[in-house]
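**Q** So that we are looking at the same thing, I have put the structure below in C-alpha cells.
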Amino acid sequence: MPAHKQLNLTLRVWRQPDAGSRGEFRDYKLYSVSPEMSFLEMLDVLNEQLLEEGEEPVAFDHDCREGICGTCGVVINGQPHGPMQGTTTCQLHMRNFEDGDLIVIEPWRASAFPVVRDLVVNRSAFDRIIQAGGYVSVRTGQAPDGNAILVPSPDQAGAMDAAACIGCGACVAACKNASAMLFTAAKVSHLAQLPQGEPERKQRALQMIATHDEEGFGACTNTYECEAACPAEISVSHIARLNREYSKAMLTARQ
Amino acid sequence: MSWVTAALRSSVGKKFVMGITGLFLCGFLVIHLAGNLLLYIGDGTVYNEYAHKLHSNPILLFVAEVILFAGFLIHIYLAIVTNRENRAARGVRYAVKKTKREDRTVNLFGWTPDTTMFASGAVILGFLVVHLSDFKFGDIVHGERIAGLEPADKARILMSDAIRAGIYLVGSIFVGIHVSHGFWSAFQSLGVNHPKYNDWIRKVGIAFAIIVAVGFGSFFVWGISGGEVDPAVEEAPVGSSSVLETAPPRPDQYTQK
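Encoded structure:
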C-alpha cells in the first residue's frame with residue numbers, strides 16, 4: 048500500500064456517559080484518514096467530526112503522546128494498545144490498518160478499573176497498590192551522596208528492567224483474569240533488587256499483594272498475555288520473583 | 657486472620673498451593689502410569705502381583721488414599737474459587753478479544769491449554785468419576801460381575817467395551833493437555849524461573865504431557881484389541897485360563913470392596 052493512500056474506516060466505539068450508566072457500541076464512518084496519523088490523531092479527527100454533527104465527542108485518556116506514559120491505553124480489535132508489540136496506542140499509526148477496516152475500540156475491562164466515561168477508566172487502584180509498599184522510606188534534608196551505596200551493575204540493570212513499567216494497565220486489560228500481577232511484580236521486583244529496598248522488603252511484598260487482592264484484581268494463570276501486551280516489555284520473570292518474595296516474606300516476616 | 661489463612665487466601669498463596677498440589681498429582685500420574693504399563697508384561701501376572709502388593713497393607717493404603725484425595729480436593733477447590741474470583745475481576749467482558757502472543761503451538765480456534773485449564777480440569781474430573789466408579793467401586797459392568805476378579809481381568813473386561821475405552825482415551829488426552837500447561841506453570845507459581853533452566857522445565861513439561869497422553873491413551877488400543885498381549889492366553893479355555901493358574905493365591909485381605 049503506498050504511504051499516501053487514504054483510508055476509509057468504520058469505528059465501533061464504546062460509548063458510556065458515566066460510571067453508573069450502561070454503555071453500548073456506536074458505529075462511526077471516518078473518511079480519508081491519512082496513514083501517517085497516529086491512532087489518537089485519528090480519534091481527534093473523529094471528535095472534530097462528531098462536534099460538527101452536534102454529538103458528544105468520544106472521551107479518551109492521553110497525556111504525553113510520546114509513547115512514554117501509557118495513559119492512552121485502549122483495547123483495539125481485542126488487543127491492548129493495538130496490534131504492535133512494545134507500543135502504546137499513541138505510537139500506533141494508521142498505516143497498520145487497511146482501507147475499509149472495521150476497528151473496534153473498547154476501554155480496559157476490569158472491575159478494579161471502573162469506566163469513567165467512554166474509553167476512560169479509573170486506574171487509581173494502581174496508585175493504592177503503590178501506596179501499600181511500592182516505595183522506599185528516605186530521610187528528608189540534603190540529597191544523599193549518589194555513590195554512598197554501591198549497586199552491582201547486573202542488579203542495577205535488573206532493577207531498571209522492572210522500573211520500566213509505566214503503570215498503563217495493559218497487563219490487566221490483556222489478562223483473562225484481569226490480574227495486575229505483572230504491574231505489582233514490576234514494582235516489587237524493582238525494589239527487591241536494590242539495597243535501598245531491603246529494609247521494607249518483606250512488608251512491601253505482603254502489603255502490595257494484599258492491596259492487589261482487595262482492589263479486586265484476579266490471580267495469575269501464567270498465560271503470559273500481560274508480557275506480550277506490555278508496551279514497556281516487562282518480563283514475567285518478575286512475577287516469579289514476586290512469588291518468591293511473597294512466600295519468603297510470609298514465612299519470615301515478624302508480623 | 658492468622659498468617660497462614662492470610663497466605664492461603666491471597667492470590668499468590670492460592671496459586672502456590674495450586675502449583676504444589678498440581679506437581680504432587682503429576683507425581684501420582686507417573687506412578688499410576690508405571691503401574692498400568694505392567695499390563696503389557698506377560699499375561700497380566702506381574703500387574704496382578706503389583707496390584708495385590710499395593711493393597712497388602714490396609715493402613716498404609718488408607719493413609720496414601722487420604723493424602724491423594726486431599727491433593728485432588730484442594731486442587732479442585734482452589735480451581736473453583738480462583739475461577740469465580742477471576743471472572744468477577746473482569747466484570748464486563750470484551751466484545752472482541754485477541755491474543756498478542758503468536759507463539760502457542762497447541763491452538764484450536766484460539767483455544768489453548770493455558771486459557772482452558774478450568775475446562776480441561778472439569779473434563780478430567782468427569783472422567784475421574786467414571787474411572788473410580790469402574791475400578792474402585794465398580795461391581796457389574798455390561799452384564800459381567802467384575803468385583804472380586806483379578807485386577808488384570810477387570811481391566812480387560814472394562815476396556816473391551818469401545819465406548820468405555822473411548823472415554824478413557826478422551827480422559828487421557830485431556831490429562832495430557834492439562835499438564836502441558838500445568839507442569840511448567842506450577843514452577844512459575846512457586847517462583848522457579850531462571851534463564852538457566854526455563855527451557856528445561858518447558859521441554860520436560862511437553863515430554864511429560866506427551867508421555868501421559870500416549871501412555872494412558874495406549875490402553876484404548878489395548879482394550880479394543882481384546883486386551884491380550886500373549887496370543888497363547890487367548891486360546892486357553894475360559895475358566896481354566898493361564899492367568900488364574902499363574903496368579904498367586906489371594907488372601908482375604910486382597911478382596912476388593
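Protein chains in written order, with my numbering: chain A, 48 to 302; chain B, 657 to 913.
Think of the CB as a built atom: it goes at the ideal place given N, C-alpha and C, for glycine as much as any other residue.
(1) Alpha carbon to alpha carbon, how far is residue 126(A) from residue 155(A)? Give it in angstroms, no decimals.
(2) In whole angstroms, what is the alpha-carbon distance linking residue 52(A) and residue 287(A)?
(3) May I ask you to report which of helix, strand or coil DSSP gives residue 851(B)?
(4) Could you give the distance in angstroms between the alpha-carbon of residue 890(B) and the alpha-carbon of residue 703(B)?
(5) So, is the C-beta of residue 132(A) closer than 8 angstroms to a C-beta in chain B?
(6) Residues of chain A with a CB under 7 angstroms from the CB of residue 754(B): which are they?
(7) Of all Cβ atoms in chain A, is any one closer than 8 angstroms to the Cβ of residue 726(B)?
(8) Using DSSP with H/G/I as helix, E/B as strand and the rest coil, what is residue 91(A)?
(9) If we count the other Cβ atoms within 10 Å of its Cβ and call it buried at 16 or more, is residue 226(A) buried or exposed?
(10) In terms of residues, what are the limits of the beta strand (DSSP E) holding residue 150(A)?
(11) DSSP puts residue 123(A) in a beta bridge; with which residues?
(12) In angstroms with no decimal places, state the Cα-to-Cα distance between residue 817(B) and residue 710(B).
(13) Of the residues 301(A), 159(A) and 220(A), which one's Cα is nearest the Cα of residue 263(A)?
(14) So, under 8 angstroms CB-CB, residue 135(A) and residue 128(A) are touching, yes? Tell me the CB distance rounded to an integer number of Å.
(15) State the Cα-Cα distance for the pair residue 770(B) and residue 826(B), rounded to the nearest angstrom.
(16) Just the Cα atoms here: how many angstroms apart are residue 753(B) and residue 97(A)?
(17) Buried or exposed: residue 87(A), going by 16 or more other Cβ atoms within 10 Å of its Cβ?
(18) So if I threshold CB-CB distances at 7 angstroms, which residues from the stretch 690-716 of chain B count as touching chain A?
(19) Determine whether the beta carbon atoms of residue 283(A) and residue 229(A) lie at a separation below 8 angstroms.
(20) Here's the rule I'm using: 16 or more other beta-carbon atoms within 10 Å means buried, otherwise exposed. How should residue 767(B) be labelled?
(21) Step through the CB atoms of chain B and report whether any lies within less than 8 angstroms of the CB of residue 263(A).
(22) Nearest to residue 728(B) by CA position, among 748(B), 685(B), 866(B) and 852(B), is which residue?
(23) Within the present structure, is the beta-carbon of residue 703(B) separated from the nearest heavy atom of the ligand FAD by less than 7 angstroms?
(24) Hey, how far is the Cα of residue 61(A) from the Cα of residue 224(A)?
(25) Tell me, please, whether the stretch 773-781 of chain B touches the stretch 831-839 of chain B by the rule of three or more beta-carbon pairs shorter than 8 angstroms.
(26) Compute the Euclidean distance between the alpha carbons of residue 272(A) and residue 845(B), then round it to the nearest angstrom.
(27) Which of helix, strand or coil does DSSP assign to residue 728(B)?
(28) Taking a cut of 7 angstroms between CB atoms, which residues from the stretch 757-768 of chain B lie near chain A?
(29) If we define contact as Cβ-Cβ less than 8 angstroms, is residue 670(B) a contact residue for chain A?
(30) Cβ of residue 89(A) within 8 angstroms of Cβ of residue 141(A)?
(31) Does chain B have any CB closer than 8 angstroms to the CB of residue 256(A)?
(32) On the CB-based measure, 16 or more other CB atoms within 10 Å of its CB, does residue 837(B) come out buried or exposed?
(33) Any beta carbon of chain B sitting closer than 8 angstroms to that of residue 260(A)?
(34) Please decide whether residue 297(A) counts as near chain B, where near means a Cβ-Cβ distance under 8 angstroms.
(35) Would you mind sorting residue 111(A) into buried or exposed? The rule is 16 or more other CB atoms within 10 Å of its CB.
(36) Cβ of residue 75(A) less than 8 angstroms from any chain B Cβ?
**A** So, to answer that:
(1) Your numbering for residue 155(A) matches position 108 in the first sequence. Your numbering for residue 126(A) matches position 79 in the first sequence. Cα-Cα distance, rounded: 10 angstroms.
(2) If you number the first sequence from 1, residue 52(A) lands on position 5. If you number the first sequence from 1, residue 287(A) lands on position 240. Whole-angstrom Cα-Cα distance: 46 angstroms.
(3) In the second sequence, counting from the first residue as 1, residue 851(B) sits at position 195. In the structure shown, residue 851(B) sits in coil (DSSP, three-state: anything other than H, G, I, E or B).
(4) In the second sequence, counting from the first residue as 1, residue 890(B) sits at position 234. In the second sequence, counting from the first residue as 1, residue 703(B) sits at position 47. Residue confidence for residue 890(B) is low, a pLDDT of 44 falling below 50, so the modelled location carries little weight and cannot support an answer.
(5) On the first sequence, position 85 is the one that residue 132(A) refers to. Residue 132(A) counts as touching chain B.
(6) Along the second sequence, read from residue 1 onward, the residue named residue 754(B) stands at position 98. In chain order: 124, 125 and 126.
(7) Against the second sequence, residue 726(B) aligns to sequence position 70. Under the Cβ criterion of 8 angstroms, residue 726(B) is not counted among the residues facing chain A.
(8) Here residue 91(A) corresponds to residue number 44 of the first sequence, with the count starting at 1. In this structure, residue 91(A) counts as helix in the three-state DSSP scheme.
(9) By 1-based counting over the first sequence, the position of residue 226(A) is 179. Buried, since its Cβ has 16 or more Cβ neighbours within 10 Å.
(10) Taking the first sequence and counting its residues from 1, the one referred to as residue 150(A) is at position 103. Secondary structure note for residue 150(A): its beta strand (DSSP E) is the uninterrupted segment 149-153.
(11) As a position in the first sequence, residue 123(A) is number 76, starting the count at 1. According to DSSP, which records beta bridges pairwise, residue 123(A) is partnered with 126(A) and 152(A).
(12) The residue given as residue 817(B) occupies position 161 in the second sequence. The residue given as residue 710(B) occupies position 54 in the second sequence. Residue 710(B) has its alpha-carbon roughly 26 angstroms from the corresponding atom of residue 817(B).
(13) If you number the first sequence from 1, residue 263(A) lands on position 216. Taking the Cα of residue 263(A) as reference, the smallest distance to any Cα among 301(A), 159(A) and 220(A) is reached at 159(A).
(14) Against the first sequence, residue 135(A) aligns to sequence position 88. Against the first sequence, residue 128(A) aligns to sequence position 81. Confirmed, about 5 angstroms.
(15) Position 114 of the second sequence holds residue 770(B). Position 170 of the second sequence holds residue 826(B). One C-alpha to the other measures close to 18 angstroms.
(16) Sequence index remark: in the second sequence, residue 753(B) carries index 97 (1-based). Sequence index remark: in the first sequence, residue 97(A) carries index 50 (1-based). The straight-line gap from Cα to Cα measures roughly 27 angstroms.
(17) Here the question's residue 87(A) lines up with position 40 in the first sequence. With 16 or more other Cβ atoms within 10 Å, it is buried.
(18) Residues of the stretch 690-716 of chain B with a Cβ closer than 7 angstroms to any Cβ of chain A: none.
(19) Numbered from its first residue, the first sequence carries residue 283(A) at position 236. Numbered from its first residue, the first sequence carries residue 229(A) at position 182. Contact: yes.
(20) Along the second sequence, read from residue 1 onward, the residue named residue 767(B) stands at position 111. The residue in question, residue 767(B), is exposed, as its Cβ has fewer than 16 Cβ neighbours within 10 Å.
(21) If you number the first sequence from 1, residue 263(A) lands on position 216. Yes, residue 263(A) counts as interfacial toward chain B.
(22) Position 72 of the second sequence holds residue 728(B). If you compare the alpha carbons of 748(B), 685(B), 866(B) and 852(B) with that of residue 728(B), the shortest gap goes to 685(B).
(23) This structure simply doesn't include the ligand FAD, nor any ligand for that matter.
(24) Sequence index remark: in the first sequence, residue 61(A) carries index 14 (1-based). Sequence index remark: in the first sequence, residue 224(A) carries index 177 (1-based). Residue 61(A) and residue 224(A) have their C-alpha atoms some 21 angstroms from each other.
(25) The stretch 773-781 of chain B, when compared against the stretch 831-839 of chain B, does touch it at the 8 angstroms Cβ threshold.
(26) Working through the first sequence from its first residue, we reach residue 272(A) at position 225. Working through the second sequence from its first residue, we reach residue 845(B) at position 189. Their backbone Cα atoms lie some 16 angstroms apart in a straight line.
(27) What you label residue 728(B) is simply residue 72 of the second sequence in a count that begins at 1. It is helical.
(28) Listed in sequence order: 757.
(29) The residue you call residue 670(B) lines up with position 14 of the second sequence. With 8 angstroms as the cut-off, residue 670(B) counts as an interface residue toward chain A.
(30) For the purposes of this step, residue 89(A) is taken as residue 42 along the first sequence, with counting starting at 1. For the purposes of this step, residue 141(A) is taken as residue 94 along the first sequence, with counting starting at 1. It is a contact, given that the beta carbons lie within the stated cut-off.
(31) Looking up residue 256(A) in the first sequence gives position 209. The beta carbon of residue 256(A) falls within 8 angstroms of a beta carbon belonging to chain B, placing the residue at that interface.
(32) Taking the second sequence and counting its residues from 1, the one referred to as residue 837(B) is at position 181. Sixteen is the threshold: when 16 or more other Cβ atoms of the shown chains lie within 10 Å of the Cβ of residue 837(B), as they do, the residue is buried.
(33) For the purposes of this step, residue 260(A) is taken as the residue at position 213 of the first sequence. Taking CB atoms only, residue 260(A) has a neighbour in chain B less than 8 angstroms away.
(34) Working through the first sequence from its first residue, we reach residue 297(A) at position 250. For residue 297(A), the answer is yes, since a Cβ of chain B falls inside 8 angstroms of its Cβ.
(35) The sequence position of residue 111(A) within the first sequence is 64, counting from 1. Result: exposed.
(36) What you label residue 75(A) is simply residue 28 of the first sequence in a count that begins at 1. Residue 75(A) does not count as touching chain B.
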